[in-house]
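The structure under discussion appears below in the form of structure tokens.
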Amino acid sequence: MNIKEAVEKLNLKILTEGDLSREITDCYIGDLLSWVMGRAGEDSIWLTVMGNINSIAVATLADVSCIVLVENASLDEEAKAKALSHDVTILQSEENSYRLATKIYELLK
Amino acid sequence: MSSIHLRYEVPGDDFTRAGEASGAVKKRLKALGYNSDAIRRVAIAMYEAEINMVIHADGGYCDVDIFPDRVEILLADKGPGIPDVEKAMQAGFSTAPDNVRNLGFGAGMGLPNIKKYTDEMRIETEIGVGTNLYLTVKVNN
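Chains as they are written, first to last, in our numbering: chain A, 8 to 116; chain B, -1 to 139.
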């Protein structure tokens, strides 16, 4: 599944657009950035409520596929600018991590 | 053996710029064709160390030497020093203030993560003088 398909199937809102053809092979959930950075797998869809500039750095360094801000968590302006300049795709979902993750699980099966 | 030497300034108390050095090194290693596992380990270790310098030490500088078989990194600051290195190395121990925790840091994972992702790690620290952190990541191409 690529990001574009995920957006359509999971009803996600695009906040910043990077390469939407990028593949998603795994999913990771977490808000503690050091924890996420050390454990999120490459090409994961990362579910979090952290929409600050450090999330963008973590996404880039850990090479996740994209970020999803769950429960409509907000993206601050600084973070948005950094995401755009680094081609990081940030999406937003009304759902909480658990509910969204169960759907992602079905799609990645 | 030839090497590439890079130096980056890490600004103090500026989270918006933390990660620039590690991001730049990551790009450079990618362009040089290093394997993705080594690049990831270098990037994570460096970013954690950068964040530490921003939170605790009012910034510093970072020297990176890229060899064919390894990457050596020195992160040097003139911060307060680490009173108890053993304690600082324990997962979950943190002295980061609340505003930092609200940003998603301060979980006490920084130094443990750095240790986990590097092959060698050495800390020289002196109270009131500063801290030098020496890291080596081996590259198996």
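From the three backbone atoms N, C-alpha and C, an ideal C-beta is built for every residue, glycine too.
Proximity of R26/B to chain A, defined by a Cβ-Cβ separation below 8 Å, is not satisfied. For the set D82/B, H3/B, N50/B and N33/B, the Cα lying nearest the Cα of D12/B is the one of N50/B.
Contacts with chain A (Cβ-Cβ distance below 8 Å) from the stretch 2 to 21 of chain B involve F13, T14, A16, G17, S20 and G21, listed in chain order. Among the CB atoms of chain B, none fall inside 8 Å of the CB of I31/A.
Under DSSP, D61/B forms a beta bridge with R5/B and L72/B. The alpha-carbon of V95/A is positioned some 12 Å away from that of W53/A.
Contact between S62/A and L40/A holds, since their C-beta atoms are separated by about 7 Å, short of 8 Å.
Looking at the DSSP output, R120/B sits in a beta bridge with Y132/B. Around E85/A, the beta-carbon contacts reaching into chain B at under 7 Å are T14. When C-beta atoms of the stretch 92 to 112 of chain B are compared with those of the stretch 36 to 48 of chain B, three or more pairs fall below 8 Å, so the two segments count as touching. Bridge pairing for N9/A: E30/A [DSSP]. Inclusion of I60/A and A86/A in the CB contact set at 8 Å is warranted, their separation being smaller than that value. 8 Å or more divides the Cβ of Y59/B from the Cβ of Y132/B.
CA-to-CA, the gap between S0/B and L107/A works out to about 49 Å. At least one C-beta of chain B is nearer than 8 Å to the C-beta of G45/A.
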